Ligand code: M6R
């Protein structure tokens, strides 16, 4: 939930830390800080409540620490409100640290340290780790870190400076992500590789309980027994440009516009001779043909992609699919086991609940398949089978291009499964694949033709207190995503409902001028959805209808107040285009209400705590 960085090298450390933190602000943005060894080898810390720009202003006002070794942090508060004092870095007398994650047993550790006469400045679990490191410090940083790690429960990625060792920083992680970057004569730590792409593409993935020492001599790694280890040097294939705004006012709109390419990049390598082919991911027809039950587990937008997957897999492959929220799945006794497939969908690959769900599914003997965007993330590494969505870095907190590429993978996988189960012929499968290949163009068409209309309609939503999204089947799955998108960036309450369910209670909420966004893309049930629209309209709702052009042509005068028409595509694939106006409506409503759509309040991009 936070972003951490660290640097050792010849550059101005404060500048490197701040610049790297700008790429991690998506992980948290309620306070920020840096600590750098100054020329007298003292640790100088500057931190503040607020966004990174507030830290930059403070550094300008107070002078930035001058040095070449340091650590930095951007925070999403878990323990203790956002405040100057709760901001990271935190210190003990001889140790300063930054932390991403949650220390579950911090209260008992704090009580222990208080009983030893220690006092605390902040409410954070992080300060407890700093004080514990200081308390246990024996002159040997590696032994001290190892000793402290044995006492910690929970998740953490830590960047650590010891006052006695001003030429180096230490890094360690358990559950929370951390990479170590290297370039000529300099090294870095970061929660995510995008933070250091401007300096290097070469990096190591730190594994659980490994400790890295970064100094002028380069990077050394030890395992949990403090034995030296060699690690594989990786090369990031995401470039800097992909992590920059490239002329767009916000990452969210940039990423909406990147969707045609993201879908194309994701599907093309997985198509061979016109059929789906996941052999590079270790998935063959033989391997998947016997699964009798599928459970899809994920959170938020990724779970909504799973909902689309349920309809499509059940429809084409005739395999029952259960979709579960990861935080629910992990704390019950789910019925999955040998012979079942559990699919985990996650952009970050680090979502704590999704990771725990994956581990539970494996423990119960189910085969696991991860659909993940972040390369080398925990979920990607731990699943039995893996398909990467090739969306590139998604920076805006609201998922757009990651969601749409999740859909693309889910579709291709459903086609493959249907083929494996002999529920579709090769010819039919080829027809579906070729329809999917036309979707990037269709997405672009929708962006080009609907953006202005969505911008205009968003002005009608600005003062709404509450909205409803309705649809049936795939359109319902999509309504869930549309509703989440709107509420997370505009802060307007909204709910999604299966259209046919409205009259079982929720329709009582409809009052004059309440906006209802209806999605109707599935021909056989369009008349059903239209009658639900008529029901809300006759009770005063303002209806915004997202539908196919064919549906729009047949619409009676006055049924909807605004109609957003989508081009004709394969009906099963309609969510891929229909989500675009819902994203645009959310984006423009957010902007028109004066919000920052990239950094919605109270949220963080990567939810590495439960
Ligand atoms: O990284 P993940 O895909 O596992 O994240 C899951 C959700 O937190 C995420 O999809 C969230 O709902 C989005 N920010 C919504 O736009």
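Residue numbers (this note's numbering): 256 to 865.
Just so you know, even glycine gets a beta-carbon here, dropped at the ideal spot from N, CA and C.
Keep in mind that this is a model prediction, so the values were computed, not measured.
Report task. State the beta-bridge partners of residue 322 as determined by DSSP. Result -> Paired residue(s): none; residue 322 is not in a bridge.
Report task. For the stretch 375-393 and the stretch 402-410, state whether three or more C-beta atom pairs, one from each stretch, are separated by less than 8 Å. Result -> Contact holds: three or more Cβ-Cβ distances are below 8 Å.
Report task. Give the range of the alpha helix (DSSP H) segment to which residue 292 is assigned. Result -> Careful: residue 292 lies outside any alpha helix (DSSP H), inside the beta strand (DSSP E) at 286-292.
Query raised in the report: Leaving out five residues before and five after residue 842 in sequence, what residues of the same chain have Cβ atoms less than 6 Å from its Cβ?
Result: Spatial neighbours of residue 842 in its own chain (CB-CB distance under 6 Å, excluding positions within 5 residues in sequence) are listed in chain order as 507, 508 and 852.
Requested in this report: For residue 308, count neighbouring C-beta atoms within 10 Å of its own C-beta (all shown protein chains included) and say buried if the count is 16 or more, exposed if not.
Outcome: By the neighbour-count rule (16 or more Cβ atoms within 10 Å), residue 308 is not buried but exposed.
Requested in this report: Alpha carbon to alpha carbon, how far is residue 521 from residue 667? Give it in angstroms, no decimals.
Outcome: Rounded to whole angstroms, residue 667 to residue 521 spans 10 Å at the Cα level.
**Report entry** residue 440 versus residue 824: straight-line alpha-carbon distance, rounded
**Finding:** Cα-Cα distance, rounded: 54 Å.
**Report entry** the stretch 357-376 touching the stretch 446-466, judged by at least three CB pairs closer than 8 Å
**Finding:** With a cut-off of 8 Å, the stretch 446-466 and the stretch 357-376 do not count as touching, because too few Cβ pairs lie within range.
Requested in this report: State yes or no: is the C-beta of residue 555 nearer than 7 Å to some heavy atom of the ligand M6R?
Outcome: Taking 7 Å as the cut-off, the C-beta of residue 555 counts as close to a heavy atom of the ligand M6R.
Query raised in the report: Below 8 Å between beta carbons: does that hold for residue 744 and residue 554?
Result: At least 8 Å separates the beta-carbon of residue 744 from that of residue 554.
Query - Sufficient close CB pairs (3 or more, under 8 Å) joining the stretch 285-304 to the stretch 338-353 - result: Taking one beta carbon from each stretch, the stretch 285-304 and the stretch 338-353 have 3 or more pairs nearer than 8 Å; the two touch.
Requested in this report: Ignore the nearest five residues each way along the sequence and tell me which others in residue 645's own chain have a CB closer than 6 Å to its CB.
Outcome: Hits under 6 Å: 520 and 521.
Query raised in the report: Is residue 612 helix, strand or coil when you go by DSSP?
Result: The answer is helix: DSSP assigns residue 612 an H, G or I state.
Query - For residue 476 and residue 423, the rounded distance between their alpha carbons - result: Rounded to whole angstroms, residue 423 to residue 476 spans 13 Å at the Cα level.
Query raised in the report: Does the count of Cβ pairs from the stretch 688-704 and the stretch 541-548 closer than 8 Å reach three?
Result: Short answer: they don't touch.
Query raised in the report: What number of angstroms, rounded off, separates the C-alpha of residue 730 from the C-alpha of residue 721?
Result: Straight-line Cα distance between these residues: approximately 20 Å.
Query raised in the report: Which class does residue 640 belong to by DSSP, given the choice of helix, strand or coil?
Result: Residue state, collapsed to three classes: strand.
Report task. Enumerate in chain order the residues of its own chain whose CB-to-CB distance from residue 346 is below 6 Å, with the five nearest sequence positions on each side excluded. Result -> The beta carbon of residue 346 is closer than 6 Å to those of 385 in its chain, skipping five residues each way along the sequence.
Query - Pairwise C-alpha distance: residue 329 and residue 259 - result: Residue 259 and residue 329: Cα-Cα distance of roughly 7 Å.
Query raised in the report: Can you tell me the Cα-Cα spacing of residue 310 and residue 301, whole angstroms?
Result: Spanning the two alpha carbons is a distance of roughly 8 Å.
Query raised in the report: What is the DSSP secondary structure of residue 302, counted as helix, strand or coil?
Result: Residue 302 falls in the strand class under three-state DSSP.
Report task. Inspect the CB distances between the stretch 766-773 and the stretch 580-588 and report whether three or more fall short of 8 Å. Result -> Here the stretch 766-773 does not lie against the stretch 580-588, with fewer than 3 beta-carbon pairs under 8 Å apart.
Query raised in the report: How do the stretch 558-565 and the stretch 655-672 stand: do at least 3 beta-carbon pairs fall below 8 Å, yes or no?
Result: Contact between the stretch 558-565 and the stretch 655-672 is established, with three or more Cβ pairs separated by less than 8 Å.
Query raised in the report: How would you label residue 371, buried or exposed, when you count the other beta carbons within 10 angstroms and need 16 or more for buried?
Result: Per the 10 Å Cβ criterion, exposed.
Query raised in the report: If you compare alpha carbons, which of 736, 828, 760 and 468 is closest to residue 778?
Result: Closest option to residue 778, judged by alpha-carbon separation, among 736, 828, 760 and 468: 828.
Query raised in the report: Does residue 295 come within less than 8 Å of chain C when only Cβ atoms are used?
Result: The displayed structure is made up of one protein chain only, and chain C is not part of it.
Query raised in the report: Does the beta-carbon distance from residue 819 to residue 773 come in below 8 Å?
Result: The answer is no: Cβ separation not under 8 Å.
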